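Everything below concerns the one structure shown next.
Numbering (my numbering), first residue to last: 6 to 88.
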């Protein structure tokens, strides 16, 4: 199976270039990697995992919230925007 974008471009083995780039420090990348592989974590490292945040996911959520707010503010009167 191949993977495609909605515009039918093949992204198999290439991925996509993000529209919004969110740089991460080496420390953030390590914490995120550890968080995503939490099955192999030692008990004394659990505190650091709980504190780990995914800046890229948080930024994506912010962008989606902004789109929803914009859509609500610009919807024609009397029309509800689906959430």
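The beta carbon of each residue, even a glycine, is placed where N, CA and C say it ideally should be.
These figures come from a predicted structure and were not determined experimentally.
- Listed in chain order, the non-local C-beta contacts of residue 64 below 7 angstroms within the same chain comprise 25 and 27, local neighbours out to five positions each way being set aside.
- Taking C-beta atoms as the reference points, residue 10 and residue 21 count as a pair closer than 8 angstroms.
- For residue 41, the enclosing alpha helix (DSSP H) begins and ends at 31-41.
- Its chain contains no residue whose beta carbon lies nearer than 6 angstroms to that of residue 6 once the 5 sequence neighbours on both sides are disregarded.
- In this structure, the straight-line span from the alpha carbon of residue 66 to that of residue 48 is close to 30 angstroms.
- The closest CA to that of residue 32, considering only 69, 82, 60 and 79, is found on 60.
- Under the three-state reduction of DSSP output, residue 27 falls in the coil class, being neither helix nor strand.
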